[in-house]
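**Student:**
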Amino acid sequence: MDVTKLRVYKQALEAFQLIEKIVKDLPLELFDTKRQILRSSKAIPPLIAEGFGRRRSQKELYRFVIEAMSSSDETITHLRIIAKSLFNKIPMEKLRTTAGVYKSVSKQLNKFASTIKFKSDL
225 MDVTKLRVYK
235 QALEAFQLIE
245 KIVKDLPLEL
255 FDTKRQILRS
265 SKAIPPLIAE
275 GFGRRRSQKE
285 LYRFVIEAMS
295 SSDETITHLR
305 IIAKSLFNKI
315 PMEKLRTTAG
325 VYKSVSKQLN
335 KFASTIKFKS
345 DL
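Going by the numbering used here, the sequence shown runs without a break in its numbering and finishes at 346.
1) Considering only C-alpha positions, which residue in the set Asp226, Glu238 and Leu230 is nearest to Thr322?
2) Distance check for Lys331 and Ile243, CA to CA, integer angstroms please.
3) Rounded to whole angstroms, what's the CA-CA distance from Leu262 to Pro270? Just pull it up for me.
4) Which of the three DSSP states is assigned to Ile340 in this structure?
5) Give the list of continuous alpha helix (DSSP H) stretches no shorter than 4 residues that lie fully inside the region 247 to 294.
6) Relative to the C-alpha of Arg268, which residue among Asn312, Tyr233 and Asp249 is closest?
7) Considering only the alpha carbon of each residue, which of Arg304, Lys335 and Ile340 lies closest to Arg231?
8) Less than 7 Å separating the beta-carbons of Met293 and Leu252?
9) Applying the criterion that 16 or more other CB atoms from any shown protein chain within 10 Å of the CB defines a buried residue, is Leu310 buried or exposed?
10) Indicate the three-state DSSP secondary structure (helix, strand or coil) for Lys176 in the structure shown.
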């Protein structure tokens, strides 16, 4: 199976496009947040792909899935920061919808992580 067949991978790629649309409208005052949200959201698909590529090692797969989930959760936090900013001009509904997509990504990754079985080191 190819990583591009994973629903969570496809959703993470599509979600990144939502972030790109949001950050293009952010004011200069939120430049640091813009950089951080781009970094965290852009990291998710490659982490999923790298973990999937190392799926023969359950520990490695688990590690990358957890890192991807952490980046997704970080992206949600950056969306919340943007929503609370006095400089924000992005419609709240757009931010809520995008955060909802990332919550779905995080839930899928959490479920995926819970299915990974570790072999005993005995």
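Think of the CB as a built atom: it goes at the ideal place given N, C-alpha and C, for glycine as much as any other residue.
**Tutor:** The answer reads as follows:
1) Numbered from 1 along the sequence shown, position 98 holds the residue referred to as residue 322. Nearest option by C-alpha distance: Glu238.
2) In the sequence shown, counting from the first residue as 1, residue 243 sits at position 19. In the sequence shown, counting from the first residue as 1, residue 331 sits at position 107. If I take the Cα positions, the gap works out to 19 Å.
3) One-based indexing of the sequence shown puts residue 262 at position 38. One-based indexing of the sequence shown puts residue 270 at position 46. Leu262 and Pro270 have their C-alpha atoms some 13 Å from each other.
4) On the sequence shown, residue 340 is found 116 positions in, with the first residue counted as 1. Note: Ile340 maps to coil in three-state DSSP.
5) Annotation note: the region 247 to 294 contains the following uninterrupted alpha helix (DSSP H) runs of length 4 or greater, listed N- to C-terminal: 255 to 277.
6) Counting from one through the sequence shown, the residue named residue 268 turns up at place 44. Here residue 268 is Ile; the residue named in the question, Arg, does not match the sequence. When each option's Cα is compared against that of Ile268, the closest is Tyr233.
7) To locate residue 231, count along the sequence shown from 1; it is residue 7. Measuring from the Cα of Arg231, the nearest candidate turns out to be Lys335.
8) Walking along the sequence shown from the start, residue 293 turns up at place 69. Walking along the sequence shown from the start, residue 252 turns up at place 28. Result no, Cβ atoms of Met293 and Leu252 do not sit closer than 7 Å.
9) Here residue 310 refers to the residue found at position 86 of the sequence shown. With a 10 Å radius around the Cβ and a threshold of 16 neighbouring Cβ atoms, Leu310 comes out exposed.
10) Past the edges of the chain, shown from 225 to 346, lies residue 176, and the structure says nothing about it.
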